[in-house]
Each structure stands twice: as structure tokens, then as C-alpha cells.
Amino acid sequence: MNRTTDRIRTTHGGNLPRPEDLDALIAKGEPARADIDARVPGAVAEVVAKQLDCGVDILNDGEYVKAAAATHYHGYIFSRVTGWEWLPVDATRQPKRAGVGARDRADFPGFYASGLWLSGSGGPVRPGFATPGEVPPERTTVQVCTGPVTYTGQAAIAEDVRALKAGIEGKDVDGFIAALGPLSLGAGARNEHYDSDESYMMAVAEALREEYKAVTDAGLVLQIDEPEFATTWQYNPEWTLEELRRYLRFAVEVVNHAVEGLPSELIRFHMCWGSGHRPHTRDVPLRDIADLLVTIDAGHYAVESGNVRHAHEWRVWEDVKLPEGKVLVPGVVSHATDLVEHPELVAERLVNFASVVGRENLQAGTDCGIGSRVGHAEIVWAKLRAMSDGAALATSRLWKA
């Protein structure tokens, strides 16, 4: 599942559009639980067929099983772990860290006051997302670790695996399942149980290893969703670059602890700068963290590379060498615009990457999950087709006789 010798294979970030009837059931919540559970397997089969029709080689369940449990990309995990409570905010206590886009907020105060950044720029408003112009209420509770962090989601991850394997059975494709990273699960919460934040984060890693192992034991690709690797820079606007790099060295230890003993060739580490439609003028440059990224024990590194703030960063890999046998999965289509990338642009991007990492060490991907970030499902499928068509064009140029 790693290197390829004859073509550029295609994949994506995870989240895909859901059928309208499934969305309607999810909006009803727990009263519709039996109907949701009955609908998900068929919906997974449908989204697998959609991806095949779009030419995707390494595909998933659209994250439908997780969506049935929660409206936010990381919300699903809280039905699978214990150890945290949501406690009232103590106004006398300094928050652990700043909010989303903290470095950008000073430059764009009107935009953040508007609330527009929650719903995106034209993306569909789903349950749990604010509508344009709606300012989110002040948070009244805060997440706190008050007991041992324990994984309890064995039955849930088994259902994730079962649904996807059933969907791809007999088809000449690979399957992947996205799972939340330990930084994204634990780093934002206060620790009031473990003797140090270091031991707390290692406990988070050990708990998530159970979910990860269930995926790789099934022979599926595990995608670790870890936007925190880059967005920590925004959450801590007072940090210097060296302070960030010191933290990320520890973050690498945490992630590597989470995947200890698992086959790296089945692990894909996904890093992005957060998928919100908001100003990104102060993202940490990839050049400043790429050398740490490639010390993570994964066979694939999926990196946001298709939008207007990061498309130029393919040149970083001229200087930061991809480790032997590893695969880079750059985003070549973006979740940040409803414009559908031209296949020629996709091909150009892939040929650029191939020139610095080698054609055999390259796959085509999306910047992030695009199912709830693009204006209509039709646009998502058009973007995936453009990605596959562009990968075919790049293949024809990179493997010319």
C-alpha cells in the first residue's frame, strides 16, 4: 500500500457528503437511533460506489458511522472514551490556551465577531454549525480530565471496520478509516488526574492505540487526523517558533507511542492548518515543522497543499527529505473553494511534487475532508473526478515510454 511503480494513486481526507435522508435522521438525534443504525450500512455501500465512480483508489466509508454519533469531526470519540468531564468555566482561572485562529484574530476582528467562520464560505449548514452571521455563545463549560483515560469503543470501531469491509468486498481498492489523533483528543483539556501533562498525554495515546490497532488488524489503512500538529501554533499565540518546535518534539513522542507496535505501512498521518473558512495569514510555515513531521512513525504523510496559502510549499521537500520508503499525500484539490480544480492544474501539482520526492513516493489527496465544507455534494464529486483525471494526466507524463 506504500510505493507504486506504475501510476499515481488517489485518496482523500475522509469526510464526504451524506445522503439527504441520512442527514435528516441524524438531525433528529437519539429518537431516530434505530433508523440511523439501519440506514448506515446501505449509505456506506452507496458512498463506496460514488468514490469508485470518481476514480478513487484508497477510499473510506465517508465517515458516516462517526457522523451518526456526532456532528463535529472529533465528537464521535467521546462516546468511545472515559476520563473526561465537562465542568463549568471558572472565570477566575486562565484558559489553558487561546481559541481557533488566535494569531489571525487580531488582524481580522470584524470577521471573527461575525461568526461567519463557523459555517464556512458557502458550505452546507449541518446540525451543530452556526448559520452565517450568527455569533457563537460564550462557552460555559470546559473539558477536564478527572479520571483514568480509558477506551470503551471496541464495539463501535468494530462496526466501523465491518461496514467498510463489507462495502469494499470484491472490489480492487484499499480502504481507510480516519481516527482522531491523541493531540486533538487530549491537548485542549485540563489535566486534573495525572501527575503531569506528559503522563496524561501518554495515557491518551495508549487509549487511542486500541482504536488504531482494530483498524490495522483488519488490514485497513489507518488515517490519524491530527490538525493539532500545525494549529497548536494558533492556539498558543504567545509562543516563539522554538517553543512550538519543543512542544512538537514531545507531540511526536505522543503520536509514536499511540502507534507503537502497529505496521507503519498501514498508517497515514493527516496534518492540516484547520479546515475552517477563515483567514490563514499566520499559519506556521510547513518549512518550520516538516522535519519533525517526518519523524512520526507513519508510512504516509497527508499534508494540506492545494489552497492558496499552502500550494507553494511543495518546494519545502527540496530541502526536507522524505524518509526512504515513505509516501507523501499532498492535497491537490481544496476544501476551501467551491471552484473545481482543472485536471491540468492537478497534474501540474503532482508533477511538481514528483520532481522533489519521486513519482513512486507520491499519492494524490485532498487538503482535508470536503463533505461538509463545499457548497453542494455535486461539487465534491466533481473535485474527486478532477483529482483522478489529473492523476491520470500526471501518470502519463511521469511514466512516459
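With the UniProt record's numbering, the residue at position 216 of the sequence shown is 216, and numbering never jumps.
Don't be surprised by glycine CBs; every beta carbon is placed ideally from N, CA and C.
What is the rounded straight-line gap between the Cα of glycine 110 and the Cα of glycine 331? By one-based count along the sequence shown, residue 110 stands at place 110. By one-based count along the sequence shown, residue 331 stands at place 331. Spanning the two alpha carbons is a distance of roughly 30 angstroms.
Valine 227 to tryptophan 239, Cα distance in whole Å? Start at 1 with the first residue of the sequence shown, and residue 227 comes out as number 227. Start at 1 with the first residue of the sequence shown, and residue 239 comes out as number 239. Looking at the sequence itself, residue 227 is proline, so the reference to valine does not match. Each residue's Cα considered, the two are about 18 angstroms apart.
For proline 279 versus phenylalanine 108, is the C-beta spacing smaller than 8 angstroms? Here residue 279 corresponds to residue number 279 of the sequence shown, with the count starting at 1. Here residue 108 corresponds to residue number 108 of the sequence shown, with the count starting at 1. Closer than 8 angstroms, so yes.
Looking only at its own chain, which residues have a Cβ that is under 6 angstroms from the Cβ of glutamine 234, when we skip the five neighbours before and after it? If you number the sequence shown from 1, residue 234 lands on position 234. Same-chain partners within the cutoff: Gly101, Ala102, Arg103.
Would you kindly check if the distance between the Cβ of glycine 83 and the Cβ of valine 149 is under 8 angstroms? The sequence position of residue 149 within the sequence shown is 149, counting from 1. The sequence position of residue 83 within the sequence shown is 83, counting from 1. Yes.
Mark leucine 87 as exposed unless 16 or more other C-beta atoms lie within 10 angstroms of its C-beta, in which case mark it buried. On the sequence shown, residue 87 is found 87 positions in, with the first residue counted as 1. Label assigned to leucine 87: exposed.
Considering just the uninterrupted stretch of the beta strand (DSSP E) at glutamate 228, what are its terminal residues? Walking along the sequence shown from the start, residue 228 turns up at place 228. Premise fails: glutamate 228 lies in the alpha helix (DSSP H), 228 to 235, not in any beta strand (DSSP E).
Nearest by alpha-carbon distance to alanine 67: which of Leu208, Gly147, Asp53, Arg18 is it? Here the question's residue 67 lines up with position 67 in the sequence shown. Here the closest residue by C-alpha is Arg18.
Closest Cα partner of valine 329 within the set Leu339, Cys368, Val308: Residue 329 sits at position 329 when you count from the first residue of the sequence shown. Of all alpha-carbon atoms in Leu339, Cys368, Val308, the one lying nearest the alpha-carbon of valine 329 is that of Cys368.
Starting from the C-beta of glutamate 318, find all residues in its chain whose C-beta is less than 7 angstroms away, skip the five residues before and the five after it, and write them out in chain order. Residue mapping note: residue 318 aligns to position 318 of the sequence shown, counting from 1. In the same chain as glutamate 318, and ignoring 5 residues on each side of it, the C-beta atoms closer than 7 angstroms to its own belong to Val356, in chain order.
Work out the CA separation of arginine 105 and tyrosine 112 for me, nearest whole Å. Within the sequence shown, numbered from 1, the residue matching residue 112 stands at position 112. Within the sequence shown, numbered from 1, the residue matching residue 105 stands at position 105. If you take the alpha carbons of tyrosine 112 and arginine 105, they lie about 7 angstroms apart.
Count the other C-beta atoms from every protein chain shown that fall within 10 angstroms of the C-beta of glutamate 242, then say buried if there are 16 or more, exposed otherwise. Taking the sequence shown and counting its residues from 1, the one referred to as residue 242 is at position 242. Its Cβ having fewer than 16 others within 10 Å, glutamate 242 is exposed.
At which residue ranges does the stretch 233 to 320 contain complete beta strand (DSSP E) runs of 3 or more residues, listed in the order of the chain? 267 to 271, 300 to 303
Alanine 187 in three-state terms, based on DSSP: Looking up residue 187 in the sequence shown gives position 187. Three-state DSSP puts alanine 187 in coil, outside helix and strand.
Give me the Cβ distance between phenylalanine 229 and leucine 293, rounded to the nearest whole Å; I'm assuming they're in contact under 8 angstroms. Translated into the one-based positions of the sequence shown, residue 229 becomes position 229. Translated into the one-based positions of the sequence shown, residue 293 becomes position 293. Correct: roughly 7 angstroms between the Cβ atoms.
Can you name the residues that DSSP bridges to phenylalanine 108? Position 108 of the sequence shown, counting from 1, holds the residue named residue 108. Answer is none; phenylalanine 108 lacks a bridge partner.
Determine the direct distance from the alpha carbon of phenylalanine 250 to that of glutamine 143, and round the result to whole angstroms. Stepping through the sequence shown from its first residue, residue 143 is reached at position 143. Stepping through the sequence shown from its first residue, residue 250 is reached at position 250. If you take the alpha carbons of glutamine 143 and phenylalanine 250, they lie about 22 angstroms apart.
Mark arginine 80 as exposed unless 16 or more other C-beta atoms lie within 10 angstroms of its C-beta, in which case mark it buried. Residue mapping note: residue 80 aligns to position 80 of the sequence shown, counting from 1. The residue in question, arginine 80, is buried, as its Cβ has 16 or more Cβ neighbours within 10 Å.
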